[in-house]
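**Q** Heads up: the sequence shown begins at 774 in our numbering, then just goes up one per residue.
Before I ask anything, here is the structure I am working with.
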Amino acid sequence: MAFACVRPEWCNAQVARIELHPIQTLTLPDEQVLTGAHDGKPATIAGELRIPRVSADRLPAVVLVHGSGGIGANYDRWSAELNGLGIATFIVDGFTGRAIASTVEDQEQLGRLTMIYDVYRALAVLAAQQRIDPTRIAILGGSRGGQIALYASLKRFQRAYGRPGVEFAAYLPLYAPCNTTYIEDTDVSDRPIRLFHGDADDYDPVAPCRAYVERLRAAGKDVQLTEYPDTHHVFDNALFSTTPVLWPRAQTTRRCVLKEEPMGRIINAETGQPFTYADPCVERGVHIAYNPAAHAATVRAVKEFLRATFKLN
């Protein structure tokens, strides 16, 4: 009897091996991350390393960083797309080891920046793997994970949490929140930064990202922002409807203008007071929707970019 595929893509799987790796990290409030502290609460999280079916001795890799809903189907899809290019993926789960399922309705459960510490620990774990080329490791994430993929590029965080001689080769944020101005936030890595966003996103609107990208360009940085029309948040998750769906309880800071002042303290720029999720600018209710065209365009752009950046055949 012939073997029949339940799903055709499973019969063309590009993964030769899957490994789970513990990552020793810390849970740090944002204030401590901003000051480069190393005295947070110890935590053990995990990363799933998927090694593609290729013969190369040393493989490029991408660290995948989830958003407020945890690891969703879109990260499985990204992993499959990248594995098909001969790129290993390391899907970092920053929630389960901290007994968190989701921060969508309560963002105070975990500081927005503590996962910067996580991804630098993940980078160290990944760079030490025999099959991985430590000079060719990029980072990609969406929403909360997009914020991490974007701001991990700041040299202040590299100095505080990175290891000498090991840094991300590229930064790929998807629908990231860009509404916080950090001290020295134009002093970023010289490696390329590529942002992807929808212009209908009412969870993390694109306008602050436009402004930030312009500041980075003025500083001479290698950065590009790709915008898609009529495209909402989480446009790369095919499990969602193509018709926008309301998440009524989701917290959003879309109306907030935030600023680090002084170093280590995030303030509400309108009031001048330390920011909290009790501030009037924090709202609830966002829309999400899958957008096949934007998803396909982003996959193409990321794959073409990584082919060139990683010098793949």
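Just so you know, even glycine gets a beta-carbon here, dropped at the ideal spot from N, CA and C.
Just so we're clear, the structure is a prediction, and the values are computed from it rather than from any experiment.
List in chain order: all unbroken beta strand (DSSP E) runs of 3+ residues lying wholly within the region 820–845.
**A** 832–838
**Q** Using the beta-carbon count (16 or more within 10 Å), is M774 buried or exposed?
**A** Position 1 of the sequence shown, counting from 1, holds the residue named residue 774. Unreliable positioning characterises M774 in this predicted model, as indicated by a pLDDT of 35, which lies under 50. A coordinate reading is not provided.
**Q** According to DSSP, what are the bridge partners of R731?
**A** With the chain represented from 774 up to 1086, any question about residue 731 goes unanswered, as that position is not in the structure.
**Q** Could you give the DSSP three-state label for F930: helix, strand or coil?
**A** To locate residue 930, count along the sequence shown from 1; it is residue 157. Reduced to three states, the DSSP call for F930 is helix.
**Q** Mapping DSSP to helix, strand and coil, what is F1048?
**A** Walking along the sequence shown from the start, residue 1048 turns up at place 275. Note: F1048 maps to coil in three-state DSSP.
**Q** Nearest CA to the CA of V892: which residue from D879, V836, S916, I860?
**A** Residue mapping note: residue 892 aligns to position 119 of the sequence shown, counting from 1. Of the listed residues, the one whose Cα sits closest to V892 is V836.
**Q** Could you pull the DSSP bridge partners for P795 from this structure?
**A** Position 22 of the sequence shown, counted from the first residue, corresponds to residue 795. In DSSP, P795 forms a bridge with A819.
**Q** Is it buried or exposed, G820, if we count other Cβ atoms within 10 angstroms and call 16 or more buried?
**A** By one-based count along the sequence shown, residue 820 stands at place 47. Counting Cβ neighbours within 10 Å, G820 comes out buried, since at least 16 surround it.
**Q** Within the same chain, show all residues whose beta-carbon is closer than 8 Å to that of L883, passing over the 5 residues directly before and after it, in chain order.
**A** Working through the sequence shown from its first residue, we reach residue 883 at position 110. Contacts found: T800, G867, F868, R871, I873, T876.
**Q** Taking just the CA atoms, how far does D812 sit from P1002?
**A** One-based indexing of the sequence shown puts residue 1002 at position 229. One-based indexing of the sequence shown puts residue 812 at position 39. Each residue's alpha carbon lies about 44 Å from the other.
**Q** For E1000, write down the residues that DSSP places opposite it in a beta bridge.
**A** For the purposes of this step, residue 1000 is identified with residue 227 of the sequence shown, where counting begins at 1. E1000 pairs with H970.
**Q** Suppose the cutoff is 7 Å on Cβ atoms and the five residues either side in sequence are ignored; what does the same chain contact list for T798 look like?
**A** For the purposes of this step, residue 798 is identified with residue 25 of the sequence shown, where counting begins at 1. Answer for T798: A816, I818, Y890, D891, R894, listed in chain order.
**Q** Rounded to a whole number of angstroms, what is the C-alpha to C-alpha distance between E792 and N1041?
**A** Sequence index remark: in the sequence shown, residue 792 carries index 19 (1-based). Sequence index remark: in the sequence shown, residue 1041 carries index 268 (1-based). Cα-Cα distance, rounded: 42 Å.
**Q** Tell me the DSSP bridge mates of T1056?
**A** Mapped onto the sequence shown, residue 1056 falls at position 283. According to the sequence displayed, residue 1056 carries Glu and not Thr. Bridge partners of E1056: T1025.
**Q** Got a sec? Which residues, its chain only, sit under 6 Å from K1032 by beta carbon, not counting five neighbours each side?
**A** Within the sequence shown, the letter at position 259 stands for residue 1032. Cβ within range, chain order: T954, I1040, A1042.
**Q** Looking at the structure shown, is N847 part of a helix, part of a strand, or coil, going by DSSP?
**A** For the purposes of this step, residue 847 is identified with residue 74 of the sequence shown, where counting begins at 1. In this structure, N847 counts as helix in the three-state DSSP scheme.
**Q** Can the beta-carbon of F1013 be found less than 7 Å from the beta-carbon of Y1063?
**A** By 1-based counting over the sequence shown, the position of residue 1013 is 240. By 1-based counting over the sequence shown, the position of residue 1063 is 290. Yes. Within cutoff.
**Q** For G1045, count neighbouring C-beta atoms within 10 Å of its own C-beta (all shown protein chains included) and say buried if the count is 16 or more, exposed if not.
**A** Position 272 of the sequence shown, counting from 1, holds the residue named residue 1045. So G1045 counts as exposed.
**Q** Find out if the Cβ-Cβ distance for the pair D974, Y934 is shorter than 7 Å.
**A** As a first step, residue 974 is located in the sequence shown; it is residue number 201 there, counting from the start. As a first step, residue 934 is located in the sequence shown; it is residue number 161 there, counting from the start. No, the Cβ-Cβ distance between D974 and Y934 is not below 7 Å.
**Q** Where D960 and T808 are concerned, what is the direct C-alpha to C-alpha distance, given to the nearest angstrom?
**A** For the purposes of this step, residue 960 is taken as the residue at position 187 of the sequence shown. For the purposes of this step, residue 808 is taken as the residue at position 35 of the sequence shown. The straight-line gap from Cα to Cα measures roughly 16 Å.
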